[in-house]
Amino acid sequence: MKIAVFGCGSWGLALGLVLFENGYEVVFWTNSEDEAELLNSQREYPEKLPAKKIPLGVKFTTSMEKAIQGASMLLLVVPSQYMRSVAKQINRFEPNLIPVVVSASKGITEDTLQRMTQVLMTEISWLTLEKAVVLSGPSHAEEVVQGVPTTIVSSGVDSKSVDLVRNAFTTKSLRVYTADDPIGVELAGSLKNVIAIATGVLDGLGLGDNAKGALMTRGLAEITRLGEALGANPRTFAGLTGMGDLITTCMSKHSRNRYVGEQVAQGKKLDDVLETMNMVAEGVPTCKSAVALAKVAKVEMPITNEVYNVLFKNKPTFSAIEDLMDRDPKAEVWN
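Counting from 503, one number per residue, gives the positions in the sequence shown under the numbering used here.
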């Protein structure tokens, strides 16, 4: 069985290597000739996956037709801002047998406020809802390739497609659960990155564990409120793709989003921080989308709003924290 992987970032490479180790034919697509040549010849990518060799059987190409031809599964792991353009290119190559299309990217578009599978459904005319699956959960590429025990979730509306994805990615160290709430899984995976930025701010200011515990808990509460308003199952947010992914991203040394918040809190400009990173911090553009979605859904997201103010309106971090602490008293659990 052939699987085409779109995106050669750390997470795309890690997932592709899992598939290869499970016996699948794996072909990576990249739009960069230099990247394809480097990976085909050097068989390593230290900027993305340090100290990890890529087996000779894994192929890299810039030809989308070669990648898609004969593939039973397409795995998209591109930054959210490029998902639409990649999907439009995929749409030009209608396969004889419709493959399962898996999104492992986390984000919400700024212009249309769409989740990644919504973008895929909009741009790929031959893709059906039954063939669209989301893969998400508390996972860092660096640990997955080292064989550190990890759990993620395969979610979609069709159990056959969901199970196919689960079976493809399951290994002795990677356990894949299934779910039927792709809306909740995608929203949880995207929105937790905003809360991770906020956690990084607390780290940068040295505000300790009490503040982080409160922030993550209240952050999850506002993510759940928005998710439920947009049609998600609220129970999803208490699971791996909600609470689990939130904890991992907020606490990990590998977290790009936490790092962004930490650096901003220490006085660095957002643009300068992003420019020095070799990887994408999805929480930055997602923050804009989350604020817009909350307005549409008429849902309060005070932490997300303050992250937006700090990142894009130059609000001092301590002022943002003070405003959160000065909000009107209320019950912790409310409808």
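Positions of the beta carbon are idealized from the N, C-alpha and C atoms, including for glycine.
Inter-residue CB distance, residue i and residue j (contact presumed, cutoff 8 Å)
i: PRO581; j: SER605; result: The pair is not a contact, with the Cβ atoms about 12 Å apart (cut-off 8 Å).
i: VAL767; j: VAL703; result: Note that residue 767 corresponds to Ala in the displayed sequence, not to Val. Rounded, the Cβ-Cβ distance is 4 Å, consistent with contact.
i: ILE556; j: TYR526; result: That belief does not hold up - the Cβ atoms of ILE556 and TYR526 are roughly 15 Å apart, past 8 Å.
i: SER791; j: LEU615; result: 6 Å
i: PRO601; j: MET575; result: 5 Å
i: PHE739; j: THR726; result: 4 Å
i: VAL520; j: PHE671; result: 6 Å
i: LEU515; j: LEU551; result: 5 Å
i: VAL762; j: VAL775; result: 6 Å
i: VAL603; j: ALA553; result: Going by Cβ atoms, the distance from VAL603 to ALA553 rounds to 32 Å, so no, they are not a contact pair.
i: THR680; j: VAL664; result: 5 Å
i: THR619; j: PRO684; result: 6 Å
Boundaries (first-last residue) of the alpha helix (DSSP H) holding residue i
i: LYS797; result: 785-799
i: VAL529; result: Premise fails: VAL529 lies in the beta strand (DSSP E), 527-531, not in any alpha helix (DSSP H).
i: PRO581; result: Per DSSP, PRO581 belongs to no alpha helix (DSSP H) and is neither H nor E.
i: ALA713; result: 710-731
i: SER605; result: Here SER605 belongs to no alpha helix (DSSP H); instead the beta strand (DSSP E) covers 602-605.
i: THR821; result: Note that residue 821 corresponds to Ser in the displayed sequence, not to Thr. It spans 819-827 - the alpha helix (DSSP H) in which SER821 sits, taken as one unbroken run.
i: PHE814; result: 804-814
i: ASN759; result: 758-767
i: MET781; result: Element bounds for MET781: n/a, residue is neither H nor E.
i: ILE610; result: Neither: ILE610 is in no alpha helix (DSSP H) and is coded neither H nor E.
i: LYS770; result: Neither: LYS770 is in no alpha helix (DSSP H) and is coded neither H nor E.
i: THR751; result: 747-753
i: ASN593; result: Looking at the DSSP string, ASN593 is not in any alpha helix (DSSP H), and its letter there is neither H nor E.
i: ASN669; result: 661-671
i: VAL520; result: 512-523
i: ILE685; result: 684-707
i: GLN620; result: 618-625
Limits of the unbroken beta strand (DSSP E) element including residue i
i: PHE508; result: 504-508
i: LEU676; result: 676-681
i: THR653; result: 652-657
i: VAL636; result: 634-638
Pair within 8 Å by beta-carbon distance, residue i and residue j
i: ARG760; j: ASP705; result: yes
i: VAL687; j: VAL655; result: yes
i: GLY518; j: PHE508; result: no
i: LYS570; j: ASN593; result: Per the sequence presented here, residue 570 reads as Ile, with Lys not at that position. Taking 8 Å as the Cβ cut-off, ILE570 and ASN593 do not qualify as a contacting pair.
i: ALA700; j: ILE610; result: no
i: LEU728; j: ALA833; result: no
i: VAL636; j: SER661; result: no
i: ASP613; j: GLY691; result: no
i: SER512; j: MET781; result: yes
i: GLY572; j: PHE522; result: no
i: LEU795; j: GLU808; result: no
i: ARG758; j: MET745; result: no
i: VAL659; j: LEU676; result: no
i: ARG617; j: LEU689; result: yes
i: CYS789; j: LEU772; result: no
i: THR624; j: ASN524; result: no
i: GLU802; j: GLU724; result: yes
Closer than 7 Å: residue i CB and nearest the ligand MG heavy atom
i: ASP536; result: Because no ligand of any kind appears in the structure shown, any question about the ligand MG cannot be addressed here.
Original post:
For the 8 Å Cβ check, are there 3 or more pairs between the segment 688-697 and the segment 641-652?
Top reply: no
Original post:
Using 8 Å as the Cβ pair cut-off and three pairs as the minimum, do the segment 819-831 and the segment 724-736 touch?
Top reply: Remark: fewer than three beta-carbon pairs, one from each stretch, lie closer than 8 Å, so the segment 819-831 and the segment 724-736 are not flagged as touching.
Original post:
Going along the chain, which unbroken runs of the alpha helix (DSSP H) with 4 or more residues stay wholly within the segment 538-580?
Top reply: Positions of the alpha helix (DSSP H) runs, each at least 4 residues long and wholly inside the segment 538-580, are given as 566-570 in order along the chain.
Original post:
Using 8 Å as the Cβ pair cut-off and three pairs as the minimum, do the segment 534-545 and the segment 581-590 touch?
Top reply: no
Original post:
Do the segment 530-538 and the segment 562-577 make contact, defined as three or more Cβ pairs closer than 8 Å?
Top reply: yes
Original post:
Are the segment 633-643 and the segment 749-758 touching, with three or more C-beta to C-beta distances below 8 Å?
Top reply: Yes, they touch.
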